[in-house]
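**Student:** Below you'll find the structure I mean.
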Amino acid sequence: MKKELSPELKAVEKYGSDRTCLIPILHEVQKEYRYLPEKALRNIASMLDISLVDVYGVATYFRSFSLEPKGKHTVTCCMGTACHVRNSPGVLEEAKRTLGIDAGETTEDMLFSLETVNCLGACALGPIMVVDGEYHGEVTPAKVKKIIGKVKHQEGRD
Amino acid sequence: MAKIKSPAMLEEYRNEILRKRERYTRVISLCGGPGCHAQHCNEIYEAVKKAVEKNGSSESVMVRKTGCHGFCEMGPIAVIQPEGIFYCKISLEDVPEIVERTLEKGEAIERLLYSDPESEKAIIKESKVPFYAKQKRLLMSMNEHIDPGNIEDYLAQGGYRALVKALFEMEPLEIIDEVDKAGLRGRGGAGFPAASKWRACRKAIARDGIKYVLCNADEGDPGAYMDRSLLEGNPHLVLEGMLIGAYGIGATEGYIYVRHEYPLTVENLLIALDQAREVGLLGKNILGSGFDFDIKVSIGGGAFVCGESTALMASIEGRIGEPRVKHIHTAERGLFNRPTNLNNVETWANVPLIINQGAVKYRKIGTKTSTGTKIFSLVGSINNTGLVEVPMGMTLREIIFDIGGGVPKGRKFKAVQTGGPSGGCIPESLLDTPVDFDALYDVGSMMGSGGMIVMDETTCMVDIARYFVDFLCDESCGKCVPCREGLKQMLFILEDITQGRGSLDQLELLKELAEVMRDTSLCGLGQTAANPVLSTLHYFEEEYIEHIKKKKCRAGVCKPLISFSINAKKCTGCMACRKACPVGAIKGKKKEAHVIQPEKCEKCGICFEACKYGAVVRK
Ligand SMILES: Cc1cc2nc3c(=O)[nH]c(=O)nc-3n(C[C@H](O)[C@H](O)[C@H](O)COP(=O)(O)O)c2cc1C
Ligand code: FES
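If you're matching them up, the sequences are chains W and P in order.
Terminal number for the first sequence in this note's numbering: 158, no gaps in between.
Terminal number for the second sequence in this note's numbering: 1619, no gaps in between.
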């Protein structure tokens, strides 16, 4: 029986086993698991021949990596300056209320994670909220419930 | 495609591309920049392509998806050549008519044209639209002629001619001298003269013969996206700049460090690198000149401090992206301890222009000490949101009011923030300040990388200071004490003030903290972190005092200092606010005046938004 390659091995094959490839490898592996499991970090360390501490250090230093499992859907609110002056704090507040979690957390049913980001480069449409990669522009607190509600509905959780 | 081995072969290839394109009577360029992308321009592009194929005109009409054109407010946008017709806010339904009338017959469709807000007249040509007419788009104007996934577009625009000139007609030192004479200053923030850095790196001794040139595309300034638009829309322009710089410096390897929030930029860049390699514009013995150079892409992990030069280098090496002290310059020992030169995306993009037209002509634009143009991301409370490229020396007022069209919704301008988290807020009284590295510094802000955020009366200046300190507190790497602890203390104080617990002596403490952080922090992040606080304290002190003494936030932003109520005279009892309130704080029957219960109200402002009659009062 042919064994499926692990995401770690696939990422190392794609980017190379040089230390400079660590960040892209972590990104790639996180895409697969939606977070960075300890086992993956150990595998990466041994494949790149660096200490686990070094991998752990980088994985916890950068905000885009998570060592905690993430929800099935990701809601991201832009907190950049352009969005801020157009009331992104109000949007985030409402997203927190609707999902019942804080930014950076995941709902207990593992359905939603709420994230913030410092600018998506689409400032003209601010405030921006991204749900699973789809951009919603000029979001107001009142629109938040509808946008998230649509996903909840698809999941049969309304 | 066979490798191009000489300048003559490059010209031949270019002519072949141009000849091949003679059959096109019309070209439609659809903007695929970040703003238009979020508005589903992809589907429009696919639809236009399909429609053109279907009616058999793909032999005479070229359909192109490009990078950002700049006028993001009006997206999705398209430009049709040779007429120069400019369409805005187009939708899928408009596609058949655009193909039939404009692409076939060259007619302009009135409803898709930009209507001048003053005269209300429809404007046909892009060049006549006031937003564009007052700019000087030396770099950005090329975007609309280029599909970033096709090197032939860049060559058709005369691309890589500057490289040929540099490699075959100039000595490396002559290149540095030319850039020096042009007065090119770094566009990434500090405005450091590019040629001085290049010279230092050229002089530095590389023990194993390897030197690096790097491109900073980390663009951490929240609210700024000009580097993204340049690199994503016209990658070869940046590559050509880096090639020329590398030849001048004597570097053989390059890296472009892109933030991971820009996946499309990375994708376009990788394609551009592949295509450049394939034709021999990167790699060994470029164009037969004997010069070797190649570029790799490195991706960030979402840390603002990685825009700082030494942190960026650590991050490329696969280490924790923390800055180090710079008593040894990176020009001597940078990436992998080898001589390294780092410049910003826009800085590199200016280089081909300087080599092509010469320093003397380049200097004619801009001011004496700040030459050339600068791209700003004009965002926030502004009518014409977008990217604007202006000659340095233009005043903030001209940018915000003549190009940006002023503040929307009848609101009043309050301040403009430049320089990102290291910059400051500039008040109305200083709007005649020219955008110039030194003039902006003198008013307590800085040029920064080009974020320009306009604020109106609904922005609280104490809250904005708190916002930036909060941002930096989060982003401080924690290596040095003044920045790590100073920011925390500043944040405590600003939270006190915005929540109505502040006292006047805390203002003195803020200033003292600011001084210590400026003098003793390890890197630029901490050294400039107090600028948003100091500038708002300087120009908007009365707002701070109002928060402290009167417990009042005039902008209606600081929640503990505001309250919501319903004006019974205006309330029609339509129930809209009651339905909208997420915490059930509003009581009232249909057609009767409603009441907000203050003990339940969380001051989210949703009722304020929901009321069509202006009956909800925010005080
Ligand atoms: C905290 C911090 C963040 C920075 N972020 C950026 C950035 O996102 N992009 C950039 O080009 N320069 C940034 N810089 C400036 C760089 O350190 C460096 O000066 C610049 O890239 C040099 O290029 P230039 O001379 O062409 O401007 C940052 C500096 C600091 C201290
Ligand atoms: S500030 Fe939100 S997209 Fe730029």
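Positions of the beta carbon are idealized from the N, C-alpha and C atoms, including for glycine.
Source: prediction; values computed, not measured.
#1: Is there contact here, the stretch 1152-1172 of chain P with the stretch 1248-1256 of chain P, by at least three beta-carbon pairs under 8 Å?
#2: I need the DSSP call for P/Leu-1472, collapsed to helix, strand or coil.
#3: Taking a Cβ distance cut-off of 9 Å, strictly less, list which residues of the stretch 64-86 of chain W are near chain P, in chain order.
#4: How many Å lie between P/Arg-1484 and P/Ala-1133 at the Cα?
#5: Using only the heavy atoms of ligand 2, determine whether one of them is closer than 7 Å to the beta carbon of P/Thr-1418.
#6: Please confirm whether W/Ser-58 has its beta-carbon closer than 8 Å to some beta-carbon of chain P.
#7: Which first and last residues belong to the beta strand (DSSP E) in which P/Ile-1151 is found?
#8: At a Cβ cut of 8 Å, what residues of the stretch 1566-1582 of chain P count as close to chain W, listed as they run along the chain?
#9: Look at the alpha carbon of P/Met-1142 and the alpha carbon of P/Gly-1070, and state the distance between them as a whole number of angstroms.
#10: Under 7 Å from any heavy atom of ligand 2, does the C-beta of W/Gly-104 make it?
#11: In terms of residue numbering, what span does the alpha helix (DSSP H) encompassing P/Arg-1014 cover?
#12: Are the beta-carbon atoms of P/Gly-1444 and P/Ser-1535 separated by less than 8 Å?
#13: List in chain order the residues whose CB is within less than 5 Å of at least one heavy atom of ligand 2.
#14: Relative to the alpha-carbon of W/Tyr-135, which residue among P/Arg-1199, P/Glu-1152, P/His-1040 has its alpha-carbon at the smallest distance?
#15: Distance, Cα to Cα, P/Ser-1476 vs P/Thr-1528?
#16: Give me the chain P residues within the contact set of W/Arg-19, using Cβ-Cβ distance strictly less than 9 Å, ordered along the chain.
#17: Whole angstroms is fine: what's the gap from P/Tyr-1441's alpha carbon to P/Gly-1307's?
#18: CA-CA distance, P/Ile-1098 and P/Ile-1109?
#19: Give, in chain order, every residue of the stretch 1582-1613 of chain P whose Cβ lies closer than 7 Å to some Cβ of chain W.
#20: Can you look up P/Phe-1168 in the DSSP assignment and give me helix, strand or coil?
#21: Can we count P/Val-1258 as close to ligand 1, meaning its CB is less than 7 Å from some heavy atom?
#22: Within 8 Å of any Cβ in chain W, is that where the Cβ of P/Ser-1381 sits?
#23: To the nearest angstrom, report how far apart W/Phe-112 and P/Thr-1458 are at their CA atoms.
#24: Going by the C-beta, is P/Leu-1342 closer than 7 Å to any heavy atom of ligand 1?
#25: Compare the C-beta of P/Pro-1339 with all C-beta atoms of chain W and state if any pair is closer than 8 Å.
#26: Specify, as a first and last residue, the run of the beta strand (DSSP E) that P/Cys-1574 falls within.
#27: For the stretch 20-42 of chain W, list every residue whose C-beta sits within 8 Å of some C-beta in chain P, in sequence order.
#28: Can the beta-carbon of P/Cys-1425 be found closer than 8 Å to that of P/Glu-1543?
#29: Alpha carbon to alpha carbon, how far is P/Phe-1304 from P/Asp-1218? Give it in angstroms, no decimals.
#30: Using a cut-off of 7 Å between C-beta atoms, extract the partners of W/Thr-140 located in chain P.
#31: For a test of your reading of the model: does the CB of P/Thr-1536 fall under 7 Å from any non-hydrogen atom of ligand 1? Yes or no.
#32: Here's a check: name, in chain order, each residue in its chain whose Cβ is nearer than 8 Å to the Cβ of W/Tyr-15, leaving out the five neighbours to either side.
#33: For P/Ala-1465, which residues in the same chain have their Cβ closer than 7 Å to its Cβ, ignoring the five residues on either side in sequence?
#34: Residues bridged to P/Cys-1425 by DSSP?
#35: Closer than 7 Å to a non-hydrogen atom of ligand 1 - does that hold for the CB of P/Thr-1347?
#36: Just by C-beta distance, which residues in the stretch 1541-1570 of chain P are closer than 8 Å to chain W?
**Tutor:** In short:
#1: yes
#2: helix
#3: Ser-64, Phe-65, Cys-78, Met-79, Gly-80, Thr-81, Ala-82, Cys-83, His-84, Val-85, Arg-86
#4: Going from the Cα of P/Arg-1484 to the Cα of P/Ala-1133 covers about 46 Å.
#5: no
#6: One point to set straight first is that residue 58 of chain W is Val, not Ser, in the sequence displayed. Closer than 8 Å: yes.
#7: Element bounds for P/Ile-1151: not the beta strand (DSSP E) but the alpha helix (DSSP H), 1151-1156.
#8: Ala-1580, Pro-1582
#9: 11 Å
#10: No.
#11: Where P/Arg-1014 is concerned, the enclosing alpha helix (DSSP H) stretches over 1007-1020.
#12: yes
#13: W/Cys-78, W/Gly-80, W/Ala-82, W/Cys-83, W/Cys-119, W/Leu-120, W/Ala-122, W/Cys-123, W/Gly-126, W/Ile-128, P/Gly-1223
#14: P/His-1040
#15: 12 Å
#16: Glu-1317, Gly-1318, Arg-1319
#17: 20 Å
#18: 8 Å
#19: Pro-1582, Cys-1604, Gly-1605, Ile-1606, Glu-1609, Ala-1610
#20: helix
#21: no
#22: yes
#23: 32 Å
#24: yes
#25: no
#26: It is not in any beta strand (DSSP E) - P/Cys-1574 carries neither H nor E in the DSSP assignment.
#27: Per Cβ criterion, the list reads Thr-20, Cys-21, Leu-22, Ile-23, Pro-24, Leu-26, His-27.
#28: no
#29: Taken atom to atom, the span from the alpha-carbon of P/Asp-1218 to that of P/Phe-1304 is near 8 Å.
#30: Glu-1609
#31: no
#32: So the list reads Cys-21, Pro-24, Ile-25, Glu-28, once near-sequence residues are dropped.
#33: Leu-1494, Pro-1532, Val-1533, Thr-1536
#34: P/Gln-1417
#35: yes
#36: Within the stretch 1541-1570 of chain P, no residue qualifies.
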